[in-house]
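Quick note on UniProt numbering: the sequence shown kicks off at 1 and runs consecutively. C-beta atoms are modelled at their ideal positions from N, C-alpha and C, and glycine is treated no differently. Below is one structure, written out as structure tokens; the observations come after it.
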Amino acid sequence: MKDIIQRYFDAFNRGDVPAMLDCLSDDVAHHVNEGQVRQGKEKFRAFCEHMNRCYREELIEMVIFSAQDGTRAAAEFIVTGTYLQTDEGLPEARGQTYKLPAGSFFSLRDGRITRVVTYYNLAEWMRQVA
């Protein structure tokens with residue numbers, strides 16, 4: 001189970017959206033930090049493409065945890081990034097860099113990720129890019 005999570009994050013760090021999608025179930029539920037739940041691969045793909053336009057991020061110091069029954073996993077990491085293009089409702093992008101701790105939680109079924117939940121401190125991100 002840790003393998004699929006590692007593949008997902010390796011793809012994230014490469015900016016490889018198709019490889020990320022390959023790790024997901026068709027009915028994936030994507031719980032965005034401070035946002036709405038998005039259902040399905042198409043909405044996940046659109047979110048990732050938007051994020052790749054506005055941000056360049058790498059996740060470092062990754063630690064992956066998994067439940068013994070193979071149905072859940074979690075990861076703790078540091079997000080290092082550059083704010084590339086202004087995201088609606090957020091401060092103006094001027095190439096600011098940021099670094100903050102974050103975590104993700106996953107549900108899994110049949111070797112695929114069925115739920116992705118990501119948390120980070122938005123107020124701290126805003127402070128760093130202001």
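8 Å contact criterion, which residue i and residue j should meet: CB distance rounded
i    : j   : result
F106 : R72 : 7 Å
F44  : L24 : 6 Å
R56  : G81 : 6 Å
DSSP state of residue i mapped onto helix, strand, coil
i           : result
P101        : strand
R45         : helix
M1          : coil
L108        : strand
V37         : strand
L122        : helix
residue 138 : Lying outside 1 to 130, the shown extent of the chain, residue 138 is not represented and no answer is given.
F32         : Strictly speaking, residue 32 in this sequence is Val, with Phe absent from that position. The answer is coil: DSSP assigns V32 none of H, G, I, E or B.
Given residue i as reference, the closest of the options once Cα atoms are compared
i   : options                : result
R53 : G95, K2, D26, V117     : G95
E76 : T82, V63, R109         : V63
T97 : W125, N121, V116, V117 : W125
Y8  : D69, A74, D27, K99     : A74
H30 : A130, T114, V129       : T114
Residue i, buried or exposed, once every other Cβ within 10 Å from all chains shown has been counted against 16
i    : result
E34  : exposed
I78  : exposed
Y119 : exposed
V37  : exposed
Is the stretch 40-60 in contact with the stretch 6-18, if contact means three or more CB pairs nearer than 8 Å? yes
Is the number of C-beta pairs between the stretch 84-91 and the stretch 103-119 that are closer than 8 Å three or more? no
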